[in-house]
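Just below is one structure, and these are the notes that go with it.
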Amino acid sequence: MTSPRFPEGALIGVLTTQPLDRVLDYRAPPGGCAAGDHVEVPFGPRKVTGVVWGAGAGDYDPAKVKSAIRVLDIPAMRPAMREFLGRVADYTLTPMPAMLRLATRAPGLTDPPGMRKIFRRGHGQPGRMTPARARVLDLLEEHDGMGFMLGELADLAGVGSSVVKGLVASGAVAEEEAPRDVPYPVLDPHMPGKTLAGDQAEAAARLREGIEAGRYGTTLLKGVTGSGKTEVYLEAVAACLARGRQALVLLPEIALTAEFLTRVEARFGAKPAEWHSGVTTTERRRCWKMVAENGAQLVVGARSALFLPFTHLGLIVVDEEHDTSYKQEDGVLYNARDMSVLRASLEKAQVVLASATPSLESWVNVQSGKYARLDLESRYGPAVMPEMRAIDMRTEDVPSGSWISPALKGAVMQRLERGEQSLLFLNRRGYAPLTLCRACGHQIGCKQCDARMVEHRFLKRLMCHQCGETAPMPETCPNCEVAGKLAAVGPGVERITEEAQALFPEARVTVLSSDLFGSARALKARILEIAEGAADIVVGTQLVAKGHNFPKLTLVGVIDSDLGLQGSDLRAAERTFQLMRQVAGRAGRAEARGTALLQSFQPEHPVIRAILSGDEEGFWAAAAAARRAAGVPPYGRMAGIVIS
């Protein structure tokens with residue numbers, strides 16, 4: 001579809017990112033413009049950017065209409081993207097300027113192209129040849145004129161940067177200025193992937209058929225943890241790239257991207273583009289521009305990557321589609337899983353929703369015929385599903401102030417003796433969820449929102465998990481001012497870590513919680529170290545349930561599997577079921593069979609019984625019937641009224 005053009009001086013409607021309720025009228029700038037062009041326009045005393053949304057409304061005094069200043073050197077927004085933003089705005093009741101901000105969030109889009117120094121083979125020869133210099137020159141000649149950045153060239157040649165600079169001085173290496181925003185390395189979809197068999201090969205073939213048909217379709221790829229879902233949908237990515245279309249893979253957690261990028265590089269010979277809060281601003285601008293110019297074949301990113309300006313989008317994969325992190329809770333409120341389906345329908349693309357424990361909404365859409373479904377019943381390679389058992393805490397002799405039962409302690413000891421890893425799981429951050437004064441009974445609350453403050457002993461702070469407010473640990477009770485009477489009530493992962501260190505003094509105990517890592521890079525590095533065997537016991541929150549692969553991990557102990565069963569959240573049972581199945585799936589992903597032990601005071605609860613028996617279909621059917629009877633999502637709508 002071609003966008004209408006407007007000659008110089010014609011009345012155009014421009015949508016800006018300013019918080020207004022409508023499109024503004026301007027005159028087309030010198031040279032004219034087309035719908036979808038990014039333009040710079042006067043806005044009071046300022047200059048702001050916007051997108052030509054169509055013809056002007058003409059409901060403003062023509063004599064007062066100002067002229068747009070210029071068309072920006074940015075690829076125009078395609079009609080399908082403009083329609084997508086409008087449909088999302090309507091569905092989520094979001095003002096259009098906020099939608100435009102979401103779609104143009106890359107920093108420095110209007111800046112001139114940045115430059116960087118690259119190094120190629122020069123025409124000279126060094127005065128003295130050394131083995132280090134020879135490695136640099138051999139590498140450059142081997143890559144036939146390709147340019148490298150300084151650090152990249154030094155790393156690949158295994159030399160220090162001073163060696164490269166010395167070769168520049170002799171003329172053997174040429175130093176040049178080159179644009180930063182360059183296309184990403186070409187991925188080769190014809191490289192062989194891992195050998196798939198049985199239901200994996202059949203699922204991959206079905207996904208390839210959908211891609212090759214060139215039409216819209218959504219498929220739920222349901223497979224037990226470790227069943228090879230990633231390898232299956234990478235075959236769909238390969239089919240998409242082979243047709244010259246772009247692919248997007250959404251991941252729920254930044255920490256998952258490092259391992260996934262390594263798998264993509266092994267499959268296609270190069271790394272894809274990344275889009276999430278962990279990449280630099282320079283890389284975000286490069287990614288945005290290259291996606292718009294078709295210089296990025298595959299993007300791996302967080303939920304906001306859905307709003308990148310793809311030109312030939314052919315496939316969207318939503319990995320761990322049930323994960324709550326796909327729901328944006330501030331600014332523009334949307335669920336990336338649902339909006340992926342909308343965008344694919346407008347782009348005539350395929351959607352793959354991959355999960356071991358699908359959301360009830362996706363299960364219902366399969367039952368009603370809106371989505372197709374593919375099942376992977378067995379684990380990839382030699383791995384088998386873990387044995388799952390409940391520990392009845394009513395019969396365990398657990399000392400006061402302790403939370404690890406004797407049965408779980410014994411199972412961990414067995415793994416330590418065999419040199420295997422154990423995971424102690426508790427979905428509660430911090431040291432203790434409540435700090436209580438034993439003198440007056442006061443519970444320390446947040447001054448901003450009145451939620452209970454959570455003690456984070458490792459950080460020496462109290463933190464509100466509702467609004468983010470923090471405060472130092474008080475020496476005396478803020479209510480009665482008595483010293484020495486404040487007590488931590490209940491466990492968090494930090495407290496379980498402390499208990500594990502006392503029970504297993506010879507073991508290497510580590511904690512994985514988002515609070516304890518200053519950056520996504522540090523978290524990624526620690527997860528990689530654990531996967532390579534740098535810890536004997538891992539204590540973690542739901543962070544560890546999201547697709548990580550720890551080959552030496554054979555035991556998962558869930559400290560409080562009843563935690564999410566109570567309360568008014570209509571998804572409480574569903575989320576508990578998903579979380580328990582996901583975290584249990586971390587065990588036994590290599591050759592040794594894993595075991596998952598769930599500590600519970602209600603082992604007869606229907607959710608706990610469904611987890612242990614593996615009767616997923618029965619659980620979904622019962623949950624769906626309960627939702628339908630109550631008239632709540634996905635069979636009805638709920639409205640939330642927030643006053644702030």
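Residue numbers (the UniProt record's numbering): 1 to 644.
Where a beta carbon is used, it is the ideal one built from N, C-alpha and C, also for glycine.
Distance CB(residue i)-CB(residue j) smaller than 8 Å
| i | j | result |
| --- | --- | --- |
| valine 136 | valine 168 | no |
| glutamine 501 | valine 511 | no |
| leucine 360 | threonine 219 | no |
| threonine 225 | glycine 585 | yes |
| glycine 32 | proline 7 | yes |
| glutamine 414 | lysine 552 | no |
| leucine 423 | valine 544 | yes |
| isoleucine 316 | arginine 343 | yes |
| proline 399 | serine 325 | no |
| aspartate 199 | glutamate 377 | yes |
| glycine 301 | histidine 276 | yes |
| valine 65 | arginine 105 | no |
| glycine 314 | arginine 208 | no |
| threonine 541 | alanine 587 | no |
| isoleucine 69 | lysine 47 | yes |
| valine 364 | proline 95 | no |
CB-CB length for residue i against residue j, believed under 8 Å
| i | j | result |
| --- | --- | --- |
| isoleucine 559 | phenylalanine 425 | 7 Å |
| threonine 130 | threonine 49 | Going by Cβ atoms, the distance from threonine 130 to threonine 49 rounds to 52 Å, so no, they are not a contact pair. |
| glycine 214 | lysine 348 | 7 Å |
| valine 299 | proline 272 | 6 Å |
| alanine 487 | leucine 563 | Between leucine 563 and alanine 487 the Cβ distance is about 21 Å, and since that is not below 8 Å, they are no contact. |
| isoleucine 537 | phenylalanine 504 | 6 Å |
| residue 648 | histidine 123 | Residue 648 lies beyond the range of the chain shown here (1 to 644); nothing can be said about it. |
Length of the line joining the Cα atoms of residue i and residue j
| i | j | result |
| --- | --- | --- |
| cysteine 440 | asparagine 479 | 8 Å |
| proline 30 | threonine 16 | 19 Å |
| phenylalanine 619 | phenylalanine 601 | 20 Å |
| alanine 286 | aspartate 181 | The residue you asked about is not alanine; residue 286 is arginine in the sequence shown. Distance between the alpha carbons of arginine 286 and aspartate 181 is about 5 Å. |
| glutamine 578 | glycine 54 | 46 Å |
| tyrosine 233 | arginine 581 | 21 Å |
| glutamate 142 | alanine 103 | 41 Å |
| phenylalanine 288 | valine 454 | First, the residue type needs correcting, since residue 288 is tryptophan and not phenylalanine in the sequence shown. Between tryptophan 288 and valine 454, the C-alpha separation is close to 39 Å. |
| alanine 573 | serine 561 | 11 Å |
| leucine 346 | alanine 336 | 15 Å |
| tyrosine 431 | isoleucine 404 | 15 Å |
| serine 513 | valine 493 | 8 Å |
| glutamate 481 | proline 474 | 10 Å |
| arginine 206 | phenylalanine 84 | 27 Å |
| aspartate 59 | serine 340 | 36 Å |
| glycine 56 | leucine 516 | 52 Å |
| serine 355 | methionine 638 | 25 Å |
| glycine 557 | lysine 409 | 9 Å |
Proximal residues to residue i (C-beta, below 7 Å), its chain only, five neighbours per side dropped
| i | result |
| --- | --- |
| leucine 434 | Gln443, Arg452, Val489, Gly490 |
| threonine 497 | Val509, Val511, Val539 |
| tyrosine 334 | Val88, Thr92, Gln328 |
| glutamine 466 | Cys446, Cys449, Ala451 |
| alanine 258 | Lys524, Leu528 |
| phenylalanine 268 | Leu187, Asp188, Pro189, Met191 |
| alanine 270 | Pro185, Val186, Leu187 |
| arginine 303 | Leu250, Tyr326, Gln328, Ala336 |
Contacts around residue i, its chain only, beta-carbon distance under 8 Å, and the 5 residues preceding and following it disregarded
| i | result |
| --- | --- |
| glycine 127 | Ser170 |
| arginine 389 | Thr595, Ala596, Leu597, Leu598, Leu612 |
| alanine 592 | Glu420, Thr554 |
| valine 583 | Leu423, Phe425, Gln542, Val544, Ala545, Val556, Val558, Ala596 |
Endpoints, beta strand (DSSP E) assigned at residue i
| i | result |
| --- | --- |
| glutamate 40 | 38–43 |
| serine 422 | 421–425 |
| tyrosine 26 | 24–27 |
| valine 583 | Run containing valine 583: none in the beta strand (DSSP E); it sits in the alpha helix (DSSP H), 572–584. |
| proline 472 | 470–472 |
| glutamine 599 | 595–600 |
Residue i, enclosing alpha helix (DSSP H) - first and last residue
| i | result |
| --- | --- |
| tyrosine 635 | Looking at the DSSP string, tyrosine 635 is not in any alpha helix (DSSP H), and its letter there is neither H nor E. |
| glutamate 209 | 198–213 |
| glycine 410 | 406–418 |
| alanine 236 | 229–242 |
| residue 660 | Beyond the ends of the chain as shown, which are 1 and 644, falls residue 660; an answer cannot be given. |
| leucine 85 | 79–92 |
| leucine 167 | 161–170 |
Chain-order list of residues whose beta-carbon lies under 6 Å from that of residue i (same chain, five-residue window excluded)
| i | result |
| --- | --- |
| valine 237 | Ala247 |
| leucine 570 | Val632 |
| arginine 438 | Lys485, Ala487 |
Residue i at chain B interface by Cβ criterion, 8 Å
| i | result |
| --- | --- |
| phenylalanine 43 | The structure shown contains no chain B; it holds only a single protein chain. |
Residue i CB to nearest heavy atom of the ligand NAD below 7 Å
| i | result |
| --- | --- |
| alanine 596 | Among the components modelled here there is no ligand, and therefore nothing to report on the ligand NAD. |
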